[in-house]
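**Student:** Residue numbers (the numbering used here): 5 to 567. Even glycine gets a Cβ: it sits at the ideal position worked out from N, Cα and C.
#1: Just tell me which of 508, 89, 66 has its CA closest to the CA of residue 396.
#2: Rounded to whole angstroms, what is the Cα-Cα separation between residue 492 and residue 374?
#3: Going by C-alpha distance, which of 447, 92, 403 is nearest residue 416?
#4: Let me know the secondary structure DSSP gives residue 396 once reduced to three states.
#5: Would you give the residue range spanned by the alpha helix (DSSP H) that residue 186 belongs to?
#6: Rounding to the nearest angstrom, what Cα-Cα distance links residue 554 and residue 505 in this structure?
#7: I need the DSSP call for residue 261, collapsed to helix, strand or coil.
#8: Report all residues from its chain with a CB closer than 6 Å to the CB of residue 1; omit the five preceding and five following residues, and keep chain order.
#9: Is residue 387 helix, strand or coil when you go by DSSP?
#10: Three or more C-beta pairs under 8 Å: does that hold for the segment 380 to 396 against the segment 421 to 441?
#11: Residue 357: which of 182, 260, 338, 342 sits nearest, CA to CA?
#12: I think residue 82 touches residue 421, with their Cβ atoms under 8 Å apart; what is that distance to the nearest whole Å?
#13: Using C-beta distances below 7 Å, list every residue in its chain close to residue 298, excluding the 5 sequence neighbours before and after it, in chain order.
#14: Of the residues 464, 488, 472, which one's Cα is nearest the Cα of residue 455?
#15: Who are the Cβ neighbours of residue 330 in its own chain at under 7 Å, not counting the five residues just before and after it?
#16: Whose C-beta lies closer than 8 Å to the C-beta of residue 110 among residues of the same chain, with five residues either side of it excluded?
#17: Under the DSSP definition of a beta bridge, which residues are partnered with residue 339?
#18: Sort 496, 464, 497, 503 by Cα distance to residue 481 and report the nearest one.
#19: If you draw a straight line from the alpha carbon of residue 161 to that of residue 305, how long is it in whole angstroms?
#20: Just curious, the alpha helix (DSSP H) that residue 274 is in, first and last residue?
#21: Restricting to Cα atoms, I'd like to know which of 310, 343, 316 is closest to residue 414.
#22: Can you have a look at residue 129 and say buried or exposed, based on whether 16 or more other CB atoms are within 10 angstroms of its CB?
#23: Is DSSP giving residue 300 helix, strand or coil here?
#24: Thinking just about the alpha-carbon of each residue, which of 261, 221, 224 is nearest to the one in residue 234?
#25: Tell me whether residue 40 is buried or exposed, calling it buried when 16 or more other Cβ atoms sit within 10 Å of its Cβ.
#26: Select from 194, 177, 219 the residue whose C-alpha is nearest the C-alpha of residue 155.
#27: For residue 487, write down the residues that DSSP places opposite it in a beta bridge.
#28: Taking the alpha helix (DSSP H) that residue 366 belongs to, which residues open and close that run?
#29: Helix, strand or coil: which one does DSSP assign to residue 553?
#30: Judging by CA-CA distance, which residue of 271, 529, 444 is the nearest neighbour of residue 232?
#31: Output the residue ranges of the alpha helix (DSSP H) runs that lie fully inside the segment 57 to 91 and measure 4 residues or longer, sorted by chain position.
#32: Which one of 519, 520, 522, 544 has the shortest CA to CA distance from residue 531?
#33: State the DSSP-derived secondary structure class of residue 96, mapped to helix, strand or coil.
#34: Determine whether the beta carbon atoms of residue 142 and residue 215 lie at a separation below 8 Å.
#35: Alpha helix (DSSP H) containing residue 137: first to last residue?
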């Protein structure tokens with residue numbers, strides 16, 4: 005036995021150093037790959053929320069064209085959908101936010117994904133692990149500090165001066181100057197060096213702005229493509245074979261990514277760009293980044309369609325992953341059961357998507373629109389926005405913040421926050437009229453259209469306001485479903501053929517929509533709750549009584565003398 009033990013010892017000792025060396029080389033290889041990756045990735049910290057302006061978030065939408073049932077600027081502002089994106093998108097990158105903005109506005113660039121949108125989002129909601137894996141795979145996209153939609157989808161590419169193709173002469177002249185100095189011709193060599201440095205300075209002054217902008221954009225494109233490579237690995241069959249059924253379904257409903265290796269070769273960081281300090285010296289003498297700019301723009305033109313496809317696919321995946329997290333943490337949502345028109349449409353337990361705690365309400369459409377009345381502060385404006393936002397979400401993303409929903413894919417138009425304009429010389433009433441005319445024009449020919457008015461035509465006197473509103477609502481009712489809120493209850497019978505009157509009332513069980521119009525108002529009583537004294541309140545009551553008597557007096561009767 006001792007001899008056997010002695011014979012076994014050398015064998016063990018001969019293997020252990022080999023195993024240790026192999027583990028050491030593997031660890032060293034991993035460290036080198038991590039260091040190379042860190043050098044190539046530039047910024048590693050995610051951009052904070054608010055880094056990109058709302059105009060930058062809207063660049064993808066601006067690059068495309070709006071569908072016939074897309075949202076116009078006024079409706080977008082009235083429904084405050086910029087704020088909704090900030091709430092629902094979580095820590096989504098600029099790519100996902102731009103895709104979500106364009107999708108909500110029904111941009112034609114994102115409408116191409118209609119067949120897969122709802123099924124992809126459903127799969128992500130059903131499988132939190134899949135959503136988390138997609139969020140992790142797109143982490144580098146959130147480090148991008150520049151938006152690239154305006155460049156990738158621009159109608160005309162960037163054009164550089166023709167002399168950029170001659171920049172190779174600058175480093176050649178510099179080397180020639182050094183050769184002259186070494187050969188003893190110091191005077192000509194020094195002059196050539198000065199001329200070379202002057203040319204280099206002139207080039208940098210002329211091209212520094214475009215080059216600096218492109219460097220940031222190229223880094224963002226590289227981050228996008230690197231995330232697409234990770235996503236393609238998740239899409240691979242051997243990875244999907246180990247995933248759940250929901251994950252496999254989510255991948256099957258995702259848009260296929262184009263060939264990514266040529267994109268990475270074209271827009272991944274070069275070895276010189278990985279070494280920032282060396283790159284600066286190379287730019288001073290060799291003008292490397294300026295000569296590279298022309299090559300990069302050529303690659304951009306060559307690979308533009310593939311980059312656009314990657315952009316849209318990755319933006320949709322990231323946005324849907326964050327939307328799935330948002331929906332799982334919300335009070336409640338449902339998938340919309342789409343229908344052809346608003347006749348019979350309904351929203352049960354509808355909530356406002358902007359509010360974390362909102363009172364649900366049931367809303368059902370018959371064969372007419374709705375004339376909505378209610379006390380001041382009862383929630384009429386909130387109800388209109390809730391209806392508009394849920395209809396937009398149903399049309400573009402397939403869900404509603406409600407217990408059950410059945411609404412059509414409809415054009416949504418609103419007139420809620422209309423303002424006068426000193427710059428344009430428009431009064432409030434003129435601005436309201438122009439908005440109503442625009443809504444009439446767009447509603448004509450729409451398959452399904454929902455128009456929302458809040459306090460319609462409040463910018464003029466009562467009689468003309470009611471008369472003009474009645475005429476507009478009657479005309480719109482021929483082409484669209486009209487929902488209008490107003491304190492002018494005498495407008496209700498004038499539009500009875502177009503709308504049915506409903507009263508928004510707070511009951512013990514919550515908010516309800518009851519048949520009829522408001523009878524007991526609270527406008528004067530609110531004076532006391534808002535800090536006005538009792539004397540002013542009493543005066544308001546007296547004036548109200550006098551106006552009511554005058555309104556009920558027959559035409560031609562003598563006015564009652566004022567006390």
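**Tutor:** Taking the structure as given:
#1: 89
#2: One C-alpha to the other measures close to 14 Å.
#3: Closest option to residue 416, judged by alpha-carbon separation, among 447, 92, 403: 447.
#4: Assigned with DSSP and collapsed to three states, residue 396 falls in helix.
#5: 173 to 186
#6: 26 Å
#7: coil
#8: Limits of the chain in this structure are 5 at one end and 567 at the other, which puts residue 1 out of reach.
#9: Helix.
#10: no
#11: 338
#12: 5 Å
#13: 164, 168, 169
#14: 488
#15: 92, 94
#16: 70, 71, 73, 74, 75, 399, 400
#17: For residue 339, DSSP records a beta bridge to 403.
#18: 503
#19: In this structure, the alpha-carbon of residue 161 lies about 7 Å from that of residue 305.
#20: No alpha helix (DSSP H) holds residue 274; DSSP gives it neither H nor E.
#21: 343
#22: buried
#23: helix
#24: 261
#25: At residue 40 the pLDDT is 49, less than 50, meaning the model places this residue with poor confidence and gives no usable figure here.
#26: 219
#27: DSSP, once it has assigned bridges, lists 374, 456 as partnering residue 487.
#28: No alpha helix (DSSP H) contains residue 366, which is instead part of the beta strand (DSSP E) from 365 to 368.
#29: helix
#30: 271
#31: 58 to 61, 63 to 67, 77 to 82
#32: Looking at the Cα atoms, 544 is the closest of the given residues.
#33: coil
#34: no
#35: Residue 137 -> alpha helix (DSSP H) spans 132 to 141.
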